[in-house]
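Visitor: Handing you a structure now.
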Amino acid sequence: MPKSRLDVITIGDCTLDHYLKLDEGLLLKGSGSRSGRLVLAYSQKTPVSEFLFFPGGNALNTAVGFSRLGLKTAIHTYLGAGHDGEYLYDRILKEKVDPRFVVRSKDLETDKSVILVTHGDRTVLSFHSQKPYRLPSMRASWLYLTSLGAGYETLYQQVSAFIKKARVRLAYNPGSRQLYDSIASVRRMVATCDLLFVNLEEAQVITGKKAKDLKLQLASLHRLGAKKIIVTLGPRGASCFDGTKFWRVGAFPARRVDATGAGDSFAAGTCAALIRRRPIQEAVLWGSVNAASEISQVGVQNGLLSRARIELQLRRHPSFRARSL
Numbered sequence: 001m002p003k004s005r006l007d008v009i010t011i012g013d014c015t016l017d018h019y020l021k022l023d024e025g026l027l028l029k030g031s032g033s034r035s036g037r038l039v040l041a042y043s044q045k046t047p048v049s050e051f052l053f054f055p056g057g058n059a060l061n062t063a064v065g066f067s068r069l070g071l072k073t074a075i076h077t078y079l080g081a082g083h084d085g086e087y088l089y090d091r092i093l094k095e096k097v098d099p100r101f102v103v104r105s106k107d108l109e110t111d112k113s114v115i116l117v118t119h120g121d122r123t124v125l126s127f128h129s130q131k132p133y134r135l136p137s138m139r140a141s142w143l144y145l146t147s148l149g150a151g152y153e154t155l156y157q158q159v160s161a162f163i164k165k166a167r168v169r170l171a172y173n174p175g176s177r178q179l180y181d182s183i184a185s186v187r188r189m190v191a192t193c194d195l196l197f198v199n200l201e202e203a204q205v206i207t208g209k210k211a212k213d214l215k216l217q218l219a220s221l222h223r224l225g226a227k228k229i230i231v232t233l234g235p236r237g238a239s240c241f242d243g244t245k246f247w248r249v250g251a252f253p254a255r256r257v258d259a260t261g262a263g264d265s266f267a268a269g270t271c272a273a274l275i276r277r278r279p280i281q282e283a284v285l286w287g288s289v290n291a292a293s294e295i296s297q298v299g300v301q302n303g304l305l306s307r308a309r310i311e312l313q314l315r316r317h318p319s320f321r322a323r324s325l
């Protein structure tokens, strides 16, 4: 018996995230968000107050987010055959994400990251192995394409061809390698996407405009071909454009413990609402509530909410609304 059609397939890398929580008293002068630096003593042992590890990676974070929100979800990713790969694969199964497009091989090494957490924010050291990216035969209503490692170019070409042939909708959140490696390939993907997620700095890179004017950036991305655009602004919320109207939403109130995964949780909530045919000004509310829950806990995926929990929070905060920009 054939499997039912999927709502969304996420495409991208998974990682095993190792969290090191630093005692702020150990940081040297010059550290902090204003300076943009994290300063530790060189060639010395630095004790940490907490050591944890969690499954992570943009594709896995959003897949888990979609699944918890009730969407039929699969993930296309590459895992090594060792302990780390097994751990991530078990997580995929536990979260009821369809594993049929997961490639597991003894010739691959599972991606890893070390995340230094302090001041409620994080600094990420990441390792991405080379992978033989190739798009498998698949069927879904939406694809969610996100961060990939070296060798992604072939997969980009295959995704572009697939969405045109199969009339699949594409949500796109480019990774840092793509943004700073080949802006031309990113722009080609932007031209084919139904929904684009970027932060303001990434928007500036894609448009080639340094202006911080949100309407200018949103309109420029729309002219490049993206049908709907979300520009996230960290603790200041997000702005969006659906081709007709500009909107702005603030951050949903939350105690900021760990900002890791905030963008993925926001994207999962927003995209899930759009898949369920909610208007964009309502969809970003879903994303904001989901992100607020996520940053209130250490580790990605721990705070991701169900559809019922998001709707409950919005009923409890009726004044939390998107406003015209």
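By the UniProt record's numbering, the letter at position 178 of the sequence shown is numbered 178, and the numbering carries on one by one without gaps. Heads up, the beta-carbon is just placed ideally off N, CA and C, and yes, glycines get one too. This structure is a prediction, so every number in the text was calculated from the model and none was measured.
Ignore the nearest five residues each way along the sequence and tell me which others in A59's own chain have a CB closer than 7 Å to its CB.
Guide: Taken in chain order, the residues that qualify are T10, I11, G12, D13, C14, I75, T77 and T146.
Visitor: Looking only at DSSP bridge pairs, what is R122 linked to?
Guide: The partner list for R122 (beta bridge, DSSP) reads V117.
Visitor: Determine, using beta-carbon pairs with one atom in the segment 223-232 and one in the segment 196-209, whether at least three such pairs fall under 8 Å.
Guide: Yes, the segment 223-232 touches the segment 196-209.
Visitor: How many whole angstroms separate the CB atoms of S306 and L69, which I take to be in contact at a CB cut-off of 8 Å?
Guide: That pair is a contact at about 7 Å.
Visitor: Would you decide whether Q44 is buried or exposed? Buried here means 16 or more other CB atoms lie within 10 Å of its CB.
Guide: Result: exposed.
Visitor: Would DSSP call C227 helix, strand or coil?
Guide: Before going further, note that residue 227 is Lys rather than Cys in the sequence given. Coil.
Visitor: DSSP three-state label for K165, please.
Guide: Note: K165 maps to helix in three-state DSSP.
Visitor: How would you label S4, buried or exposed, when you count the other beta carbons within 10 angstroms and need 16 or more for buried?
Guide: Exposed: under 16 other Cβ atoms inside 10 Å.
Visitor: If you draw a straight line from the alpha carbon of L216 to that of S288, how long is it in whole angstroms?
Guide: Between L216 and S288, the C-alpha separation is close to 23 Å.
Visitor: So V97 packs on S129, CB below 8 Å; how close in whole Å?
Guide: Going by Cβ atoms, the distance from V97 to S129 rounds to 21 Å, so no, they are not a contact pair.
Visitor: If you follow the alpha helix (DSSP H) that D264 is in, where does it begin and where does it stop?
Guide: Taken as a continuous stretch (DSSP letters only), the alpha helix (DSSP H) holding D264 covers A262 to I275.
Visitor: Using 8 Å for Cβ pairs, my map puts R248 next to R321. What's the rounded Cβ distance?
Guide: Contact flag wrong, Cβ pair sits at about 10 Å.
Visitor: Mark R122 as exposed unless 16 or more other C-beta atoms lie within 10 angstroms of its C-beta, in which case mark it buried.
Guide: When all chains shown are included, R122 counts as buried.
Visitor: Could you give the distance in angstroms between the alpha-carbon of M1 and the alpha-carbon of V284?
Guide: Residue placement at M1 is flagged as unreliable, the pLDDT there being 37, under the threshold of 50; the coordinate-derived value follows with that caveat. Approximately 37 Å, taken between the alpha carbons.
Visitor: What is the DSSP secondary structure of V102, reduced to helix, strand or coil?
Guide: The answer is strand: DSSP assigns V102 an E or B state.
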